[in-house]
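Visitor:
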Amino acid sequence: MKEMYDLIVVGGGPGGAIAAKNAAELGLDVLLIEKRQEIGDPVRCAEGVSKISLSDHIEPDPRWICADLTGSRIYSPDGTMIEMSEEMSGGEVGYVLERKIFDRALVDQCAKAGAEVRVKTRATGLIMEKGVVCGIYAMHLGEEYKIRSKIVIGADGMESKVGRWAGIDTSLKPSDMETCVQYLVTDIDIDPNFCDFYLGNEIAPAGYLWVFPKGENMANIGVGILGSKSGDKRAIDYINKFIEDVYPDGRIIEMVYGGVPVRGPIEKTVSDGLILVGDAARQSDPITGGGIINAMEAGKIAAEVTADAIKRGDYTTNTLNEYETLWRSTIGKEIEYSLVVKETFVKFTDKDLNHLAQSLSNVNFYSLSLKDLLYALFKANKKLLWDLRGLFRDVVNNNFDFKYKKNQFD
Ligand SMILES: Cc1cc2nc3c(=O)[nH]c(=O)nc-3n(C[C@H](O)[C@H](O)[C@H](O)COP(=O)(O)OP(=O)(O)OC[C@H]3O[C@@H](n4cnc5c(N)ncnc54)[C@H](O)[C@@H]3O)c2cc1C
């Protein structure tokens, strides 16, 4: 078995697959390892993504698209509903995917681009020489061996260990994480074109509950609650209550447990010979918990920076810092803004949420830009204006152009 590569990517999720594919296309000798025996299985995701951002990375394919949505509805605790077009819904609701097939299609692309893929192969440690990462220890069918590389990309998701092995602090406190439980529910009456979000401290404290259709009579119905706000009740208690109340006849055919980092990014995502991408770098959106697109964007940037570093023969932090700069000035900005909004949102009482929803219930979201929306929000909610003044100033002055979501916001 080959023992030396330009690049080893740890983790075959969207971040790792896109990193490996792009690096192989740029001419690098790439190995992608995945600890599971099947790519994408088991799924830990509600499977919602933005159409526009996705098509930057892969051609849409009906084999992995379960629903093509036209919008979303948000329900406040008193039942006030706000309906938004897909464009205004933010990045998470364009398609509902079948991730088992989607993740495999991404890895298929990367294999076809020339990367070697090894499944059921777990990274168990990093080879480090004088503080520089220069490969991994891998375990396959009970056998441990060394594989060397010039650079390692850690795309090992929420449970990432690669960063920690290199001395990067990736730890998460309960207040940094949403605990999620989701059922795939069938035989229910839903609108297949809309996803629904429910807010409120009785429904999902400091989080939200979602209904994402997967075809005519089936949906991912899940809840995410902030670890530090859950009290005596568990996420599963909230979702069971909702199913009992709203879809009492629904049949549960799958169950998903998982955590989503909502703390915003870690302080550093590179070290000598190492780059972290996706959930491993805590790059998911702090409000929605969505991380597929950010992982893919970061994977692409990581591949480009890796190819450049290898061309120059310099794998030190100095060179790899280009990755840090590039992702922080694009997706990182959006994450920063989301973090500000999330920190305000988690303080809202049900009364605040109702007031907010009522103040927006007459707004026509189908013909509104983000700027208009912020004006409408702040006109009706002076306290919110104060809490979110930084974000408001940046958007209004166009200091930030929402590069990755420009098509949705403008
Ligand atoms: C309940 C839930 C709902 C969600 N819903 C959405 C949603 O609707 N939309 C959205 O955009 N995001 C959603 N997310 C988040 C989304 O799933 C992640 O942000 C996304 O998968 C991150 O991609 P990634 O490539 O960074 O990591 P992952 O997809 O987690 O991939 C990491 C891979 O690394 C592998 N791995 C881990 N350790 C090792 C090792 N030591 N050696 C080898 N391989 C290893 C894992 O097996 C895994 O395959 C949700 C998450 C949860 C938990």
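In the UniProt record's numbering, the protein residues as written are 1 to 410. Ideal Cβ positions, reconstructed from N, Cα and C, are used throughout, including at glycine. Note that this is a predicted model, so its numbers are computed, not measured.
Where do the N-terminal and C-terminal ends of the beta strand (DSSP E) with C134 fall, by residue?
Guide: Start and end: 132 to 140.
Visitor: Give a single yes or no on whether R122 has its beta carbon closer than 7 Å to a heavy atom of ligand 1.
Guide: yes
Visitor: Leaving out five residues on either side along the sequence, give the residues of the same chain with a beta carbon under 7 Å from the beta carbon of G131.
Guide: D272
Visitor: Rounded to whole angstroms, what is the Cα-Cα separation between I310 and K150?
Guide: 8 Å
Visitor: Here's a check: name, in chain order, each residue in its chain whose Cβ is nearer than 7 Å to the Cβ of A281, leaving out the five neighbours to either side.
Guide: Non-local beta-carbon contacts of A281 in its own chain, meaning distances under 7 Å to residues more than five positions away in sequence, involve P265, I266, T269, A298 in chain order.
Visitor: Relative to the alpha-carbon of V119, which residue among L141, G135, I331, K100 has its alpha-carbon at the smallest distance?
Guide: L141
Visitor: I'd like the list of long-range same chain contacts for S361, defined as Cβ closer than 6 Å, with 5 residues on each side in sequence excluded.
Guide: T80
Visitor: Say the cut is 7 Å; is the CB of I292 nearer than that to a heavy atom of ligand 1?
Guide: yes
Visitor: Looking only at DSSP bridge pairs, what is C180 linked to?
Guide: Residue pairing from DSSP places C180 in a beta bridge opposite G224, G258.
Visitor: Just grab the DSSP bridge partners of S72 for me.
Guide: M84, C195
Visitor: In its own chain, which residues sit with a C-beta less than 6 Å from the C-beta of E92, not counting the 5 before and 5 after it?
Guide: For E92, the pLDDT reaches just 48, beneath the cut-off of 50, and the residue's location in the model is therefore unreliable, although a value from the coordinates is still provided. Answer for E92: G48, T288, G290, listed in chain order.
Visitor: Identify every run of the beta strand (DSSP E) within the region 265 to 308, keeping only runs that are complete inside it and at least 3 residues long; order them along the chain.
Guide: 274 to 276
Visitor: Identify whether A19 lies in helix, strand or coil by the three-state DSSP scheme.
Guide: In the structure shown, A19 falls within a helical segment according to DSSP collapsed to helix, strand and coil.
Visitor: At a cut of 8 Å, does the region 153 to 162 reach the region 233 to 249 through at least three beta carbon pairs?
Guide: no
Visitor: Where do the N-terminal and C-terminal ends of the beta strand (DSSP E) with G163 fall, by residue?
Guide: Here G163 belongs to no beta strand (DSSP E); instead the alpha helix (DSSP H) covers 162 to 165.
Visitor: Is P14 helix, strand or coil by DSSP?
Guide: helix
Visitor: Say yes only if the C-beta of I33 is nearer than 7 Å to one or more non-hydrogen atoms of ligand 1, and no if none qualify.
Guide: Taking the Cβ of I33 as the reference point, at least one heavy atom of ligand 1 falls within a distance shorter than 7 Å.
Visitor: Is it the case that the Cβ atoms of R99 and C180 are separated by a distance below 8 Å?
Guide: no
Visitor: For A191, tell me which candidate among G167, M218, I203 has the shortest Cα-Cα distance.
Guide: Just to set this straight, residue 191 is Asp in the shown sequence, not Ala. Nearest C-alpha to D191: M218.
Visitor: At a cut-off of 7 Å, would you count T158 as near ligand 1, judging by its Cβ distance to the nearest heavy atom?
Guide: One detail in the question is off: residue 158 reads as Met in this sequence, not Thr. In this structure, M158 has its CB closer than 7 Å to one or more heavy atoms of ligand 1.
Visitor: Using only the alpha-carbon positions, how far apart do D196 and L69 sit?
Guide: D196 and L69: Cα-Cα distance of roughly 11 Å.
Visitor: Can you give the beta carbon distance from G154 to L276, rounded, assuming they're within the 8 Å contact cut?
Guide: 5 Å
Visitor: Mind checking whether the beta-carbon of Q358 lies closer than 7 Å to any heavy atom of ligand 1?
Guide: No, the beta carbon of Q358 sits no closer than 7 Å to any heavy atom of ligand 1.
Visitor: Determine the DSSP secondary structure at R63, reduced to helix, strand or coil.
Guide: coil
Visitor: In three-state DSSP terms, what is A24?
Guide: helix
Visitor: So if DSSP puts A219 in a beta bridge, which residue, or which two residues, is it bridged to?
Guide: V185, P213
Visitor: Just verifying my parser: in three-state terms, what is the DSSP assignment at S329?
Guide: Looking at S329 - three-state DSSP - the assignment turns out to be coil, as it is neither helix nor strand.
Visitor: With I153 as the anchor, note down where its alpha helix (DSSP H) starts and where it stops.
Guide: Run containing I153: none in the alpha helix (DSSP H); it sits in the beta strand (DSSP E), 143 to 154.
Visitor: Are there 16 or more other CB atoms within 10 angstroms of the CB of E34, so buried, or fewer, so exposed?
Guide: By the 10 Å Cβ count, E34 comes out buried.
Visitor: Buried or exposed for M84, going by 16 or more other Cβ atoms inside 10 Å?
Guide: buried
Visitor: Name the two residues that bound the continuous alpha helix (DSSP H) containing A123.
Guide: Not the alpha helix (DSSP H): A123 falls in the beta strand (DSSP E), residues 121 to 129.
Visitor: Could you name the residues of the same chain whose beta carbon sits closer than 6 Å to that of D103, not counting the 5 residues immediately before and after it, in chain order?
Guide: I39, G40
Visitor: Quick one: Cα of L353 to Cα of I236, how far?
Guide: Distance between the alpha carbons of L353 and I236 is about 23 Å.
Visitor: In three-state DSSP terms, what is Y95?
Guide: strand
Visitor: Just to confirm, are I221 and Y238 a CB contact at a threshold of 8 Å?
Guide: no
Visitor: What is the DSSP secondary structure of V346, counted as helix, strand or coil?
Guide: coil
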